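First up is the structure itself, then whatever we jot down about it.
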Amino acid sequence: MTAFTNRQKDIINAAIELISEKSIQELTIKNLAQKIGLTEGALYRHFPSKVDILLSILLMFQDEARRNLEEVKSSPLSALQQFENIFLYRLRYFTKKPAVAAVIFSESIFQNDKRLSSEVNKFLKMHEATLRIILEKGIADKEIREDISVEEAIYIIIGSMRYLVTRWRLDGHRFDLYAAGQRILGTLKELLRC
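Going by our numbering, the residue at position 25 of the sequence shown is 517; the numbering climbs one at a time, nothing skipped.
Here's what the structure looks like:
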């Protein structure tokens, strides 16, 4: 778990608000300093760069996601219920904090920074590993079809979430992400179910 000072948490949350209110392109040290009433120099004492702020947003989300994944994996729920829990948790989280989705799904930001791309890669691998465990459990319990490739199912699941959230962001959040996600979840469960 990543430890942030209270001031760093305030700055991270202000950055998330700024991205939500405007856009990820508007997240600059100058704009962020103005938003929270600090000088740029004071802000630099807490974060050396904009990339470090983006990295911190990713790390905060990653910590929350890890807790959710561990909780779900250790639950007595069936594999399909575990999958549903994870999928719906992400939808609720992104609905509540759309700026986090903007950071996570903005490949152009990560292409030029190895630290950011490394954290996004860790995040994806963490989800892939959990989904693999859940799907294999479901196959062993005869709840999920055994004729489906686990690897391909993971791509379909993550790809569905990614496409839905990206479409929602590009549409300016004009449709109910959670409701649309529930419909996709229903289809995914039908594809997986024995």
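Backbone N, C-alpha and C define an ideal beta-carbon position, used for all residues, glycine too.
Since the structure is predicted, the reported quantities are computational estimates derived from the model, not experimental observations.
The continuous stretches of alpha helix (DSSP H) do not include E638, and DSSP gives it neither H nor E. In the DSSP annotation of this structure, T531 is not part of any alpha helix (DSSP H), being labelled neither H nor E. Looking only at G664, L656, L662 and F667, the smallest Cα-Cα distance to I676 is reached by L656. In the DSSP annotation of this structure, the continuous segment of the alpha helix (DSSP H) that includes P590 starts and ends at P590 to I596.
Here the C-alpha atom of N523 lies approximately 53 Å from the C-alpha atom of A632. Going by beta carbons, L623 and I650 fall inside the 9 Å limit. Going by beta carbons, L569 and H619 fall outside the 9 Å limit.
Sequence-distant partners of K565 (beyond 5 residues in either direction) whose C-beta falls short of 8 Å from its own C-beta, in its chain, are Q574, T622, I625 and I626.
Counting C-beta pairs closer than 8 Å gives three or more between the stretch 496 to 511 and the stretch 540 to 556, which meets the contact rule.
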